[in-house]
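In this note's numbering, the protein residues as written are 15 to 942. Report on the structure given below.
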Amino acid sequence: MRNMLFRFALISVLSFVIVTSAPSNIIAGVWIEDFSSKQLCDAPNTTAWWDTVAGTLKLPPYELRRIASFLDVFSLQCVTVEGNFAYLGTASPHGLQVMQINNPRFPTSSGFYATPTAVYGVDVAGDYAYLAVHAAGLYVIDITDPEHPQLAGSYDTPGQSFDVVVEGDYAFVADGAAGLQVIDISDPANPTSAGSYSTSGAGISVAGDYAYLVEGISGVRVIDISDPTSPTAVGHYDTPWEATDVTVDGDLAYVADIASGLLVLDISDPTSPTFVGSYATLGRAWDVEVDGDYVYIADEDSGLYAIEVSDPANPSCIGVYDAPGGAQDVAIVANYALVADDSEDLLVIQVADPILPPLLAGSYDMSIARDVAISGDYAYVTTQSNSEVFVIDISDPASPAVAGSYITPSYANGIAVAGDYAYVASDDSGFVVLDITSPTSPLFVTSLLTPGEAWGVAIDGDYAYVADWTGGLQVVDISDPTQPTIIGSYDTPGTAWNVAVAGDQVYMADGFFGGVQAIDVSDPTKPTLASSIFLDTPAWDIAVAGNYAYVAADDSGLAVVNVDDPWNITLVSNYVTPAEARGVAIADGYAFVGAYSSGLHVIDVTDRSNPALLGSYDTPSYSQSVAVAGDHAYICDTFSGLQIVQVFNHSRNLTNNTAQSLPVQASGVIDRLKLRASQTDSIFWEVSADGGAHWQAIPDTAWTDLTYAGIDLQWRATLFHKGGHYPSCDYLEIELESGIVSVAINGFEARASHSDIELVWDISTDEAIEGFMIYRGLERSDINTVVNTDGLIPPDERTYVDTTIRPGESYWYKLSVVRPDGSEVQSQAVQVKTRAYSLVLHQNYPNPFNPTTTILVALPEKDYVDLSIYNLEGKLVRRLIDERLTAGLKSITWDGRDNKGNPVSSGVYLYRLKAGKKVLTKKMVLIR
15 MRNMLFRFAL ISVLSFVIVT SAPSNIIAGV WIEDFSSKQL CDAPNTTAWW DTVAGTLKLP
75 PYELRRIASF LDVFSLQCVT VEGNFAYLGT ASPHGLQVMQ INNPRFPTSS GFYATPTAVY
135 GVDVAGDYAY LAVHAAGLYV IDITDPEHPQ LAGSYDTPGQ SFDVVVEGDY AFVADGAAGL
195 QVIDISDPAN PTSAGSYSTS GAGISVAGDY AYLVEGISGV RVIDISDPTS PTAVGHYDTP
255 WEATDVTVDG DLAYVADIAS GLLVLDISDP TSPTFVGSYA TLGRAWDVEV DGDYVYIADE
315 DSGLYAIEVS DPANPSCIGV YDAPGGAQDV AIVANYALVA DDSEDLLVIQ VADPILPPLL
375 AGSYDMSIAR DVAISGDYAY VTTQSNSEVF VIDISDPASP AVAGSYITPS YANGIAVAGD
435 YAYVASDDSG FVVLDITSPT SPLFVTSLLT PGEAWGVAID GDYAYVADWT GGLQVVDISD
495 PTQPTIIGSY DTPGTAWNVA VAGDQVYMAD GFFGGVQAID VSDPTKPTLA SSIFLDTPAW
555 DIAVAGNYAY VAADDSGLAV VNVDDPWNIT LVSNYVTPAE ARGVAIADGY AFVGAYSSGL
615 HVIDVTDRSN PALLGSYDTP SYSQSVAVAG DHAYICDTFS GLQIVQVFNH SRNLTNNTAQ
675 SLPVQASGVI DRLKLRASQT DSIFWEVSAD GGAHWQAIPD TAWTDLTYAG IDLQWRATLF
735 HKGGHYPSCD YLEIELESGI VSVAINGFEA RASHSDIELV WDISTDEAIE GFMIYRGLER
795 SDINTVVNTD GLIPPDERTY VDTTIRPGES YWYKLSVVRP DGSEVQSQAV QVKTRAYSLV
855 LHQNYPNPFN PTTTILVALP EKDYVDLSIY NLEGKLVRRL IDERLTAGLK SITWDGRDNK
915 GNPVSSGVYL YRLKAGKKVL TKKMVLIR
């Protein structure tokens, strides 16, 4: 119990409203908490984020957490994931390490192939892994048997290979001083040079007809590779420092710039990339990976960064994991980041949690909702009742609102969005183009009749691919969206309902009788059947991710199809849903299936051969098309319009959701109170009047009679997450009917400077005081040392400087207000870490010693540290530390033994500290 009496006054953390001019007769008061100070935060019982900067109580940020690691190889340089395997490039030993990640929580070694020099880049296509082998060029490794990878072929490039990307029959190699090398791999056993572009190359990404080449200090070069034999530079962006990696997603390029962190570039016009936004990491950014609305940066000095880019102009960091070594590369599989760490090898970091079961966030009512596409803060929803396209503002998924709409000539069936245009499959009116530059006022641009009835549409670059019901596949040139033109077609055997595109292949969900059609569109004017599979039930919808297509196959549920070889696609597995599967979307290793009368089903497809149901949400009507963006799934639910459910959590820690105050002692008995809070509706409040012995729920803002009265008041809160809602509170007020307070500590802070700690406080009091005492300790539970040993600090003082500190040490302090009768009112404990502005090696203690002594080291920054014991002849006796350590004061013990565990003899020894380029040495004496 805290012996603390508070006067009635409006103060920053604890306030009481004076309702009478005679303080000794006050019988009512108000406790106000605005969360701007932690003076009354019960830290051990508070896991929620008591954010004093924002003045808000809320859920803390998502905690990136290490799930597993693999330590059999050393100095990892890169990681690529394909299917159930991770492919790791290593520098010591040189080679390719294949890992089984069927369950990413438990990675296991599968096979290894040794290369002559370090492997800095890996890409996988089909049965081959393509390696950028630093001084040996391109290696092609047969991974048909992952346990025994074998060399298939190689090509020694003229430079030093840093990265590789495979597209079709070509490998594009970032080849150091030799720039871009294009290698023909149509025969993997005999790779040959196809073309090159002379510049410097450190990393590469390929999208459509363009390669985005990282040129180091020169930034990023855009190269036209529509003719791989003659690459031509068409655009350039000079980054502020040194570009190290680039990843392309749609119209945006995400660049890792070594000292700038993340840069976001608009590449909608590849000839003129423009700056969109940035986020500065604290160290050296080496690699960048994109996963939906989230970007992951491997930063060599500060670890893995998770950055939200739903607003690309304003990227925001949602989490950091400080990797123990140097993070070199990152790949995302499901909800995990695989980090190649050059000293700790492969780290598995959890970056998100699925929300199971999915939680309803919001909905917008419309009739016969058919399809949905997401772009930025808007959902574009087609309907068949009024042939209307709705533009729904989803900036707050919990409160979607119509922003605009457009009525199409016929049923609005399918929709796709690219740039400033929405492309609508409008039944017998064909292909309709809408200008959505202003989403609140979509405008008709033009339309194009198709031979059948347009049902589905997918966009890739300058082409739209239309599922045209009886008209099969129609390829539309949209290089000029105001003048679309049909340039090619393929008459599928069934009823073309929906379409997905991946590279040079289009995959058609061909309705009744057609199954899945894989159509080669490398020449868009002459689509050609590559292969097909027949399904026993209609194919309604299709999505492609990596080497697999996922089909909403009516009564057969979800069908998983291997499209690794488009010329020979095969059925892998089925998951039968309770009702007909009508729509499907893929995100983070999960399939989201609109299963008609049984709602949304979330299916884990990380093991494609064995899909497993994780959870479901039963929508009010009949679920059809599904889109996933960020943390939410958007479901076209026929007669119930657009249903929005939360399916992922990337941004908040949902389990650290409690907060509690310290007890405040009143002079009168508290038996009745009321609580008011400025909050979301998902916080559960309780109070205790007897110091936490009994807690009582406060259900509303009315006066509540307490079952257990007392004089020690506390509150506690539990923050509950709802779909689309992250609870928060920025103001709490408890009004009570008793209590006289006389002394209040309004604030107490500890501030570290160069060689001392300044303690600053403020109090309010209705009585005379004798002065102040300052207590200090190394642990919160042991704050007993009196700092002001020369007597009480005078009552009119509000600061005190503690000069008896050690650099790099952390201290706990308490302020005590001393009354005339000798009683004390103490503040909450505060912690401060002293600054270590230079490397410090303290004298060991005790000294002389027998047989154990302690050495204190103050590190000004994270660094690699070697602390060793030597005899006077300079021979190494014992190495105590040989690892990277974080900044701060470190305590290391020597037990008087050598590296073999043998006791050493009495005498004088040297202990030597090396951190970075600095070396410090001191003497110690062992007496046995």
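Quick reminder that beta carbons are idealized off the backbone N, C-alpha and C, glycines included. Keep in mind it's a predicted model, so treat the numbers as computed, not measured.
Limits of the alpha helix (DSSP H) - the one that Phe526 falls within: As a first step, residue 526 is located in the sequence shown; it is residue number 512 there, counting from the start. Where Phe526 is concerned, the enclosing alpha helix (DSSP H) stretches over 525-528.
Val95 to Thr396 span [Cα, whole Å]: Taking the first residue of the sequence shown as position 1, residue 95 is located at position 81. Taking the first residue of the sequence shown as position 1, residue 396 is located at position 382. Rounded to the nearest angstrom, the two C-alpha atoms are 36 Å apart.
Pairwise C-alpha distance: Gly333 and Ser920: Reading the sequence shown from its first residue, position 906 is the one you call residue 920. Reading the sequence shown from its first residue, position 319 is the one you call residue 333. Those two C-alpha atoms are separated by around 51 Å.
Element boundaries [beta strand (DSSP E), containing Leu940]: The residue you call residue 940 lines up with position 926 of the sequence shown. Looking at the DSSP string, the run of the beta strand (DSSP E) that includes Leu940 is 932-940.
Collapsed DSSP secondary structure at Trp255 in the structure displayed: Position 241 of the sequence shown, counted from the first residue, corresponds to residue 255. Trp255: coil per DSSP, three-state reduction.
Euclidean distance between Cα positions of Leu676 and Gln728: Within the sequence shown, numbered from 1, the residue matching residue 676 stands at position 662. Within the sequence shown, numbered from 1, the residue matching residue 728 stands at position 714. Spanning the two alpha carbons is a distance of roughly 6 Å.
Ranges of the beta strand (DSSP E) found wholly within the stretch 839-914, counting only runs of at least 3: 844-847, 867-873, 877-884, 890-899, 902-908
N-terminal and C-terminal residue of the beta strand (DSSP E) that His108 is part of: For this step, residue 108 is matched to residue 94 along the sequence shown. Here the beta strand (DSSP E) through His108 covers 108-114.
Whether Asp343 touches Trp300 by CB criterion (8 Å): For this step, residue 343 is matched to residue 329 along the sequence shown. For this step, residue 300 is matched to residue 286 along the sequence shown. Taking 8 Å as the Cβ cut-off, Asp343 and Trp300 qualify as a contacting pair.
Residue burial classification, Tyr722 (beta-carbon count within 10 angstroms, cutoff 16): Locating residue 722 in the sequence shown gives position 708, counting from the first residue. So Tyr722 ends up on the exposed side.
Beta strand (DSSP E) segment containing Leu585, residue limits: Taking the first residue of the sequence shown as 1, we reach residue 585 at position 571. Run containing Leu585: 584-589, per the beta strand (DSSP E) assignment.
Status (buried if at least 16 other CB within 10 Å, exposed otherwise) for Tyr648: Taking the first residue of the sequence shown as 1, we reach residue 648 at position 634. Classification for Tyr648: buried.
Cβ-Cβ distance between Val438 and Asp449 below 8 Å: Here the question's residue 438 lines up with position 424 in the sequence shown. Here the question's residue 449 lines up with position 435 in the sequence shown. No, these two residues do not count as a Cβ contact at 8 Å.
Residues that DSSP places opposite Asp56 in a beta bridge: As a working note, residue 56 is residue 42 in the sequence shown. Per DSSP, none; premise fails for Asp56.
Residue burial classification, Gly753 (beta-carbon count within 10 angstroms, cutoff 16): Looking up residue 753 in the sequence shown gives position 739. At Gly753 the pLDDT is 47, less than 50, meaning the model places this residue with poor confidence and gives no usable figure here.
Unbroken beta strand (DSSP E) run spanning Gly190, endpoints: Within the sequence shown, the letter at position 176 stands for residue 190. No beta strand (DSSP E) holds Gly190; DSSP gives it neither H nor E.
Arg298, DSSP secondary structure in three states: Against the sequence shown, residue 298 aligns to sequence position 284. Arg298 falls in the coil class under three-state DSSP.
Where Asn204 falls, given that 16 or more other Cβ within 10 Å makes a residue buried: On the sequence shown, position 190 is the one that residue 204 refers to. By the neighbour-count rule (16 or more Cβ atoms within 10 Å), Asn204 is not buried but exposed.
Same chain only: Cβ atoms within 7 Å of Glu793, ignoring 5 sequence neighbours per side: In the sequence shown, counting from the first residue as 1, residue 793 sits at position 779. Contacts found: Trp826.
Helix, strand or coil at Asp355 according to DSSP, with G and I counted as helix: Your numbering for residue 355 matches position 341 in the sequence shown. In the structure shown, Asp355 sits in a strand (DSSP, three-state: E or B).
Cβ separation of Ser654 and Ser377, assumed to be a contact under 8 Å, to the nearest whole Å: If you number the sequence shown from 1, residue 654 lands on position 640. If you number the sequence shown from 1, residue 377 lands on position 363. That belief holds up - the Cβ atoms of Ser654 and Ser377 are roughly 7 Å apart, short of 8 Å.
Endpoints, the beta strand (DSSP E) within which Ser830 is located: Numbered from its first residue, the sequence shown carries residue 830 at position 816. Where Ser830 is concerned, the enclosing beta strand (DSSP E) stretches over 824-832.
The stretch 131-144 touching the stretch 152-162, judged by at least three CB pairs closer than 8 Å: yes
Assumed close pair Ala312, Ala348 - CB separation to whole angstroms, cut-off 8 Å: As a first step, residue 312 is located in the sequence shown; it is residue number 298 there, counting from the start. As a first step, residue 348 is located in the sequence shown; it is residue number 334 there, counting from the start. The Cβ separation is near 18 Å, so there is no contact.
Cβ pair Ala882, Leu894 closer than 8 Å: Position 868 of the sequence shown holds residue 882. Position 880 of the sequence shown holds residue 894. Here residue 882 turns out to be Ser, not Ala, going by the sequence shown. Contact flag set, yes.
Stretch-stretch touch, CB-based, cutoff 8 Å, three pairs: the stretch 459-479 with the stretch 429-443: yes
Contact belief for Gly737 with Ala375 at Cβ below 8 Å, rounded distance in angstroms: Counting from one through the sequence shown, the residue named residue 737 turns up at place 723. Counting from one through the sequence shown, the residue named residue 375 turns up at place 361. Yes, Gly737 and Ala375 are in contact; Cβ-Cβ is about 4 Å, under 8 Å.
Bridge-paired residues (DSSP) for Arg926: Translated into positions along the sequence shown, residue 926 becomes position 912. Paired residue(s): Ser882, Thr935.
Same chain only: Cβ atoms within 6 Å of Phe84, ignoring 5 sequence neighbours per side: Within the sequence shown, numbered from 1, the residue matching residue 84 stands at position 70. Here the set comprises Pro121, Asp359, Leu360.
Check whether Ala436 and Tyr504 have beta carbons under 8 Å apart: In the sequence shown, residue 436 corresponds to position 422, counting from 1. In the sequence shown, residue 504 corresponds to position 490, counting from 1. No; because the gap between Cβ atoms is not below 8 Å, this pair is not in contact.
Separation of Val659 from Asp704, as counted between CA atoms: As a first step, residue 704 must be located in the sequence shown, where it is residue number 690. As a first step, residue 659 must be located in the sequence shown, where it is residue number 645. Asp704 and Val659: Cα-Cα distance of roughly 42 Å.
Nearest to Thr454 (by Cα), restricted to the options His148, Gly888, Phe404: Here residue 454 refers to the residue found at position 440 when the sequence shown is read from its first residue. Closest by alpha carbon: Phe404.
Candidates Tyr589, Ala593, Ser612, Glu594: closest to Asp618 by CA position: For this step, residue 618 is matched to residue 604 along the sequence shown. Nearest of Tyr589, Ala593, Ser612, Glu594 to Asp618, Cα basis: Tyr589.
Straight-line Cα distance separating Ala166 from Ile346: The residue given as residue 346 occupies position 332 in the sequence shown. The residue given as residue 166 occupies position 152 in the sequence shown. Approximately 28 Å between the Cα atoms of the pair.
Which of helix, strand or coil DSSP assigns to Trp709: In the sequence shown, counting from the first residue as 1, residue 709 sits at position 695. It is coil, neither helix nor strand.
Residues near Thr669 by beta carbon distance below 6 Å, same chain, minus five either side: In the sequence shown, counting from the first residue as 1, residue 669 sits at position 655. So the list is empty, once near-sequence residues are dropped.
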